[in-house]
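Trainee: Residue numbers (the working numbering): 121 to 244. Below are the structure tokens for one structure; questions will follow.
Next comes the structure, spelled out in structure tokens:
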């Protein structure tokens with residue numbers, strides 16, 4: 121089954137984003153941090169990854185680097201989610217291979233636009 125993987129160390133944020141993705145018919149699963157995400161990613165390939173940047177231990181930029189180096193996952197669109205609205209953070213994420221950057225709290229219209237740009241919804 122095709123699904124989106126939401127990687128965030130905050131359970132509430134991860135579950136809320138999973139619920140928003142369901143509004144557009146995208147099944148989503150939360151992974152509470154990079155360790156949980158790696159367990160899932162070793163077994164399955166999602167159609168989309170939503171990735172928090174600011175996590176303890178391994179940060180989202182390290183995870184994004186891994187995703188882009190791993191041949192099986194390199195083509196999966198990654199939407200970076202962060203509370204850091206600094207232009208440098210956005211630029212760094214896009215240069216590292218993110219499809220788009222969404223600032224928390226994530227608004228449904230911003231998520232919908234990012235999904236369209238990623239080709240996951242019609243009209244992108």
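Note that beta-carbon positions come from the ideal geometry of N, C-alpha and C, so glycine has one too. For clarity, every value in this text was computed on a predicted model and none was experimentally measured.
Out of 223, 197, 225, point me to the one whose CA is closest to residue 239's CA.
Mentor: Within the chain shown, the letter at position 119 stands for residue 239. Comparing Cα positions, the closest option is 197.
Trainee: Go ahead and label residue 219 buried or exposed: buried means 16 or more other beta carbons lie within 10 angstroms of its beta carbon, across all protein chains shown.
Mentor: Counting from one through the chain shown, the residue named residue 219 turns up at place 99. Label assigned to residue 219: buried.
Trainee: For the segment 141-187, which segments carrying the beta strand (DSSP E) assignment without a break, of at least 3 residues, lie completely within its bounds, in sequence order?
Mentor: Entirely contained in the segment 141-187, the beta strand (DSSP E) runs reaching 3 residues are, in chain order, 148-151, 168-172.
Trainee: Strictly by DSSP, which residues pair up with residue 200?
Mentor: Taking the first residue of the chain shown as position 1, residue 200 is located at position 80. Beta-bridge pairing links residue 200 to 171, 221.
Trainee: May I have the straight-line CA-CA distance separating residue 142 from residue 122, to the nearest angstrom?
Mentor: On the chain shown, position 22 is the one that residue 142 refers to. On the chain shown, position 2 is the one that residue 122 refers to. Those two C-alpha atoms are separated by around 12 Å.
Trainee: According to DSSP, simplified to helix, strand and coil, what is residue 124?
Mentor: Walking along the chain shown from the start, residue 124 turns up at place 4. Three-state result, residue 124: strand.
Trainee: What residue from 163, 194, 175, 155 has the CA that sits closest to residue 201's CA?
Mentor: The residue you call residue 201 lines up with position 81 of the chain shown. For residue 201, the nearest C-alpha among the options comes from 175.
Trainee: Going by DSSP, what residue range makes up the alpha helix (DSSP H) through residue 212?
Mentor: Position 92 of the chain shown, counted from the first residue, corresponds to residue 212. Segment 207-215, the alpha helix (DSSP H) holding residue 212.
Trainee: Below 8 Å on the Cβ atoms is my contact criterion, and I expect residue 226 with residue 205 to pass it. Report the Cβ-Cβ distance as a whole number of Å.
Mentor: Taking the chain shown and counting its residues from 1, one reaches residue 226 at position 106. Taking the chain shown and counting its residues from 1, one reaches residue 205 at position 85. In fact, because the Cβ distance is near 12 Å, the residues do not count as touching under 8 Å.
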